[in-house]
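Inspection log for the structure reproduced underneath, given as structure tokens.
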Amino acid sequence: MMGTAQKKHHMHIARPTATPDALIARVCALIDAGRCGAASPLLAAARQVSAPSSELNLLAARLAEGLGDDAAARAELDRAIDLAPQHAGLRKQRAALWQRLGDADRAARDAAEAVVIAPADADAKALLGSAMLTLGRPREAVACLAEAAQARPNDAALREALAIATEANGDPATAFAILCAGLTVAGGPLNLRNAATLFCIRHGDFAQAVTLAEQGRAAGTVDACLFGLKGHAQSSLGLHDEAAESYAEAFKLGPDDPYVRHLVAASGLLPGATRAPPEYLRAVFDGYADRFDAHLISLGYQIPGAIRRIVMEYLTLTAGTYTGPILDLGCGTGLVGVALSDLPIGRMTGIDVSGRMLAMAARKGLYEQLIEADVLNWLQADTTGWGAILAADVLCYFGDLAPLLGLIRQRLRQGGWFVFSVEEAPPGASTPDPGWRLQRQGRYVHAMPYIVSAASAAGLSVRSIRRQTLRHEGGTPVAGMLAVLELPA
Ligand SMILES: C[S@@+](CC[C@H](N)C(=O)[O-])C[C@H]1O[C@@H](n2cnc3c(N)ncnc32)[C@H](O)[C@@H]1O
49 MMGTAQKKHH MHIARPTATP DALIARVCAL IDAGRCGAAS PLLAAARQVS
99 APSSELNLLA ARLAEGLGDD AAARAELDRA IDLAPQHAGL RKQRAALWQR
149 LGDADRAARD AAEAVVIAPA DADAKALLGS AMLTLGRPRE AVACLAEAAQ
199 ARPNDAALRE ALAIATEANG DPATAFAILC AGLTVAGGPL NLRNAATLFC
249 IRHGDFAQAV TLAEQGRAAG TVDACLFGLK GHAQSSLGLH DEAAESYAEA
299 FKLGPDDPYV RHLVAASGLL PGATRAPPEY LRAVFDGYAD RFDAHLISLG
349 YQIPGAIRRI VMEYLTLTAG TYTGPILDLG CGTGLVGVAL SDLPIGRMTG
399 IDVSGRMLAM AARKGLYEQL IEADVLNWLQ ADTTGWGAIL AADVLCYFGD
449 LAPLLGLIRQ RLRQGGWFVF SVEEAPPGAS TPDPGWRLQR QGRYVHAMPY
499 IVSAASAAGL SVRSIRRQTL RHEGGTPVAG MLAVLELPA
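Read in order, the letters of the sequence shown correspond to residues 49 to 537 in this note's numbering.
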């Protein structure tokens, strides 16, 4: 006898009225269209009337991924590849899954198998190239991606990936030429134009960035991100009125886009933004990760060294007692880890919202744990009692410090220190009211009295606040402060 639940399940399986091939084609079309819920019963029906095959396994894996069930997709692919190890499609699907799950090693192995099985397959080469790039092997990445792009010159995503790999391989001029060449193909796809404009901004060529954005506008492109980037470039050129107009256009087109909202807030058009959105930070720092260390060194970045001196003071005071574990908020590429690497501080954990910054930190091998998360979200769920919490050049992405300081208070051990830097308003600028202000380039400045009152409101005592040059920009020192707060015993 069939139970009620079984009957129901049975009744929901679509009755196959089409041929197996037609059913499979329909499932494929539905998955391609992102309609995985609708594809599910049809795939079940197709499996009833067709002999088991690699094609069906592949569809089942794609469907599981589409439904957000990575474990099921992986199990399906593992089984299928055991049965058909020479199937390039299965290998490619599993390579893409590994890559998405952050296991570039396994992604590279599957993609390499797929290339051996199907040497003319551009997708297999593209997957291998992406995995190589993630593994920090840009030369091999360029070789694979160049072959794939040659086979598919109109594929904008592939071209962008090749440009990224070429830049990572130390050849920014060729990378830029690759992006620009794509702009002339088939009307210049939007993503490539945005990538080329962002490339110019990252390399400090703001005038060229404005030109590229204007050419896009003249060719009929109307896009929030492109207007946002144009505003960013104009603001960097000191053209603040023009930047405000571009931001206003961007905001009209993409009022909910967090990247656009933050830039608009920075231009003063959207007052009251109390922090930079994590999506904005991820976009900015993912794009900056490859050049971050070299760039910061060239700017004379001083915070990691200054934090080292404070941690040494802390070690002296707590001599003979356990000082760790230490948490590095917004650890980025791990420059603070480098500065502290020879001190007896025990375990260090780094958190950052940018996966690509963390990948750079991981290569240094100095952190016991690296966690990709927004610091506010993460601290809310954390239960560790930290001996010290550090934040170098991170609080400039928060205006109102009360939520963060409240969480720090809960997470510090008694006697533990919170050591952080903030930026100050440039000399001659008015004092920010209510103690902090978002500047046009997207970072917040804070005033010293505000730090003192926010610390006290959070129940933390101020051990010290020192004025400190943070770095140099355009030859001018960027003024800031280094603060040490303590959770009183
Ligand atoms: C200017 S970098 C500084 C990196 C590192 N602390 C150093 O001194 O080299 C700022 C870093 O903070 C991270 N960040 C900013 N706000 C964050 C947030 N709310 N949650 C997690 N990471 C954040 C950024 O992704 C970026 O890597």
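Just so it is clear, CB atoms sit at the ideal spot from N, CA and C, and this is done for glycine as well.
Put simply, of K173, R250, A267 the residue whose alpha carbon is nearest the alpha carbon of L277 is R250. Taking a C-beta distance under 9 Å as the contact criterion, L424 and S389 do not qualify as a contact pair.
DSSP places E297 in the uninterrupted alpha helix (DSSP H) bounded by 288-301. Per the C-alpha coordinates, the member of T245, A387, R339, D334 positioned closest to M360 is A387.
For Y336, the three-state secondary structure derived from DSSP is helix. Around the beta carbon of Q282, 16 or more other beta carbons lie within 10 angstroms, which makes this residue buried. Taking C-beta atoms as the reference points, R110 and A121 count as a pair closer than 9 Å. For ligand 1, no non-hydrogen atom lies closer than 8 Å to the CB of L530. Straight through space, the alpha carbons of G184 and L455 are spaced by roughly 36 Å. Ligand 1 never approaches M396 closely enough for any of its heavy atoms to be under 8 Å from the residue's Cβ. With respect to G435, R457 sits apart: the two C-beta atoms are not nearer than 9 Å. It is roughly 42 Å from the alpha-carbon of Y498 to the alpha-carbon of I212. Taking 9 Å as the cut-off, the beta carbon of A298 is found closer than this to the beta carbon of D305. Boundaries around H494 are those of the beta strand (DSSP E), 492-494, since no alpha helix (DSSP H) includes it. E416 sits exposed, since fewer than 16 C-beta atoms from the chains shown fall within 10 Å of its C-beta. Annotation for L90: the continuous alpha helix (DSSP H) segment containing it runs 84-97.
The beta carbon of D169 sits closer than 8 Å to those of A136, K140, A162, V163, all from its chain and outside the five residues before and after it, given in chain order.
In this structure, ligand 1 has a non-hydrogen atom nearer than 8 Å to the beta-carbon of D422. The continuous alpha helix (DSSP H) containing F224 extends over residues 220-231. A93 and A155 have their C-alpha atoms roughly 31 Å apart. Relative to the non-hydrogen atoms of ligand 1, the Cβ of G335 never comes closer than 8 Å to any of them.
Between A197 and F247, the alpha-carbon positions lie close to 20 Å from each other.
Bridge pairing for M529: V470, R515 [DSSP].
Cβ-Cβ separation between I129 and R148: approximately 17 Å, too far for a contact (criterion under 8 Å). Contact check for S469 against L443 passes: the beta carbons are separated by less than 9 Å.
Just measuring C-alpha positions, the residue of R127, G380, S98, R323 sitting nearest G490 is R323.
Distance check between D203 and each of F224, G177, P237, G279 places P237 closest, using alpha-carbon atoms only. When DSSP states are grouped into helix, strand and coil, T364 belongs to the helix group.
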